[in-house]
Each structure stands twice: as structure tokens, then as C-alpha cells.
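Read the structure below first, then the notes.
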Amino acid sequence: MTLNSPLSKHKQQSARRILISGTSGLIGRAVVASRQRAGDVVVSLVRGKGTADALLWSPGSGKLDPALVSGFDTVIHLAGEPVVGLWSSAKKRRIMESRVLGTAELAAALASAALPPRLFLSASGINFYGNRGDTVLDETSFSGQGFLAEVCRAWEAASQPLIKRSRIVHLRIGVVLASEGGMLPRLLPAFRMGLGAIVGDGEGYVSWIALEDLVRVIDYLVDASDIDGPVNVVAPQPVTSEALNRAIGRAVDSKVRLRLPAWPFRLLLGQLAEETIFGSVRAIPARLIRDGFLFHRESLDEALTGMHLREP
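Take the position in the sequence shown, starting the count at 1, then add 24; the result is the number in our numbering.
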């Protein structure tokens, strides 16, 4: 356990009541498990049926009762329409509205609550910075162009109703690497068959973070830090997309020999390809480093090796 481990400090404190949205997703499940191990009382904010440990919510309906969300020490807001999938007009509208309207509604309810949270952690993304080539980006860097940059700006602005009542942190999350979900499981079958490939020139930067460290960052912000505002939730060593693919190949003991042209992806996926596959965001976690946070998985090879991706 590192010296700045939030969980070691938290054991000396009383259990918190924590409200978390997006608990069915990869990040949400991992955060819930970590907070429960820390002894917190975790309540999920969910669509569908409410239960003793889950509150019912219909994002965008305007019907979230402030009394329902009153009395939580921390609220962690992770819900949002997945970005993966063809970007039809309807899909883009869901991506935007699920984040912006949902966040605005939750922030307004919390701001009107008799007991608002001490801390409001709200997901955002490193796409806030847009496609910026090899420029090194920290939390002071300006926002860029593109649909996802627009989404992130509006997403972060939507929490403003709560600004005078709670400490707000915008989690600008990078590409999450995990064996149990996200991007990696979709890529691994091809790499294991020797079909891993570099797409395009491979020069665009990928700002990644291991799921393990992402959860540790959230624990740190909850338990041991007074940071507010934007935080780049990425590993200290962003890599090019070529380096990422070659590292995945090494992790499964398979050489990456193929190169695929960019044009079929641009033709089929359009703006989605430009902003995700071929976009370049070279972000660093400047605020976390300055605050003393210690990453467990700083290098990509170390992170992938720790996931034990080779087939038995």
C-alpha cells in the first residue's frame, strides 16, 4: 500500500454515504466494489426499478426529487450513452443529451437538497481537448474542435448549478484499459490470431489509463485530496496508436505485422473515425502528479502485463 493510499487513510474515518450513477458500466462496477471494500454505504442511481440500495432516476425527465438525493457525502456521476456505435443524428443526440441533460438535472437537484454533497465527481473526457497532434496537454490547455469536444464542454458546464454548494471535480477520463471490458476485449481475438494491425499512420496519441489506476484516482479524490475543477485521469505516459497496438501484441505474444489504410475507416465511420480512431490527444495528469498521487501502472507494457492477457 503506497504512502498516499486513500483507502489506508479512509479506514480511520467513519463510513460515508456515496451515491453513484452509471454503476452498470465498466468503471461504475469497479468504483462500487472499491468503495464497498472501503466500508462506505453505496447507493446506485439507476434507470428502471428502485431498490433498498438503488434510487430510481429517469435522466432528462426533470423529475429528480432533491429530497431523494439529500444527505450523501459524495456523489460520483458516471452515467452516459456509450460513444461506441455508428454516429447517426439520433445517436449523437443521445450522446449529448444523456450527459448534459442528466448532469444538469442531477446538479440542480443536489443544489436544492437540504444536505448537498461535500464532493461531486462528474465524468468528462480527454476529448475536451480535441485533435491536437503531438502537443502535450494539461488541465490548463484550451478546449478543441469536434463533436466530442463540444460534448465535454457542455457536460462540464452542466454542473454549474452546484458550484456554490459542493466541491466539483470534472474527471477528464482517457482510454480505459481493462481485461474485463472496454476496448481491449474487442481487440484481443484479432491480436491472438496474429491479425493485430496498425491503422493509418499510427502517429496519433492515445492517452490511456489502467482501470486499476482510474479507480485509485477516484478513491484518492474522495478520501485524500482537496482538488477541484478539471483533472486529467490518464497515465503519465501517453503513447502513439502504433505503440499501443504493438504493446497489445507483446502482451499476447503476437507480433503486429499488418498495416491497414485509413480510408476505409473514414469512409464507413466518418466523423466517429476522425475523432476516435485517428484523433490525437497527448494529455498528461499534471494536477494529480503535482498533488502527489502515485500511479501503480505508469507504463503501457507494465499495465498490460499486469492484466495477464495471454491465453492459458
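Backbone N, C-alpha and C fix where the C-beta goes; we use that ideal spot for every residue, glycine too.
> For ARG283, which residues does DSSP report across the bridge?
Replying inline: ILE222
>> Which of the three DSSP states is assigned to ALA39 in this structure?
In response: coil
> Using DSSP with H/G/I as helix, E/B as strand and the rest coil, what is ASN269?
Replying inline: helix
>> Between which two residues does the alpha helix (DSSP H) holding TRP179 run?
In response: 171-181
>> If you follow the alpha helix (DSSP H) that PRO213 is in, where does it begin and where does it stop?
In response: That run of the alpha helix (DSSP H) goes 207-216.
> Buried or exposed: where does GLU129 fall if 16 or more other Cβ atoms within 10 Å of its Cβ makes it buried?
Replying inline: GLU129 should be labelled buried.
> Alpha carbon to alpha carbon, what distance is there between ASP325 and SER136?
Replying inline: 46 angstroms
>> In this structure, how does DSSP classify SER122 when only helix, strand and coil are distinguished?
In response: helix
>> So if DSSP puts TYR229 in a beta bridge, which residue, or which two residues, is it bridged to?
In response: THR264
> Using a beta-carbon distance below 8 angstroms, is SER113 in contact with chain B?
Replying inline: Checking the listed chains, one finds no chain B in this structure; it contains a single protein chain.
>> For the beta strand (DSSP E) containing SER146, name the first residue and the last one.
In response: 143-149
>> Pop quiz: VAL66 and GLN60 are said to be a contact at Cβ under 8 angstroms. What is the actual Cβ separation, rounded to whole angstroms?
In response: 6 angstroms
>> If you measure between the beta carbons of GLY46 and ALA133, is that distance less than 8 angstroms?
In response: no
>> Alpha carbons only, please: which of LYS116, PRO106, ILE44 is nearest the one belonging to PHE144?
In response: With respect to the C-alpha of PHE144, the residue from LYS116, PRO106, ILE44 having the closest C-alpha is ILE44.
> What's the C-alpha gap between MET331 and GLY273?
Replying inline: 13 angstroms
>> Could you check whether the region 142-156 touches the region 185-193, counting it as contact only if at least three pairs of C-beta atoms, one from each stretch, sit closer than 8 angstroms?
In response: yes
> Who are the near neighbours of HIS34 in its chain, counting only those whose CB is closer than 7 angstroms to its CB and skipping five residues on each side?
Replying inline: Only weak support exists for where HIS34 lies, its pLDDT of 47 falling under 50; the value from the coordinates is given anyway. Here the set comprises ALA62, ASP247.
>> Taking the alpha helix (DSSP H) that ALA54 belongs to, which residues open and close that run?
In response: 50-61
> In angstroms, rounded to a whole number, what distance separates the CA positions of ILE51 and GLY206?
Replying inline: 9 angstroms
> To the nearest whole angstrom, what separates the beta carbons of ILE150 and ALA307, a pair I think is in contact under 8 angstroms?
Replying inline: Their Cβ separation, rounded to whole angstroms, is 5 angstroms, which keeps ILE150 and ALA307 in contact under 8 angstroms.
> DSSP on SER113, reduced to helix/strand/coil?
Replying inline: It is helical.
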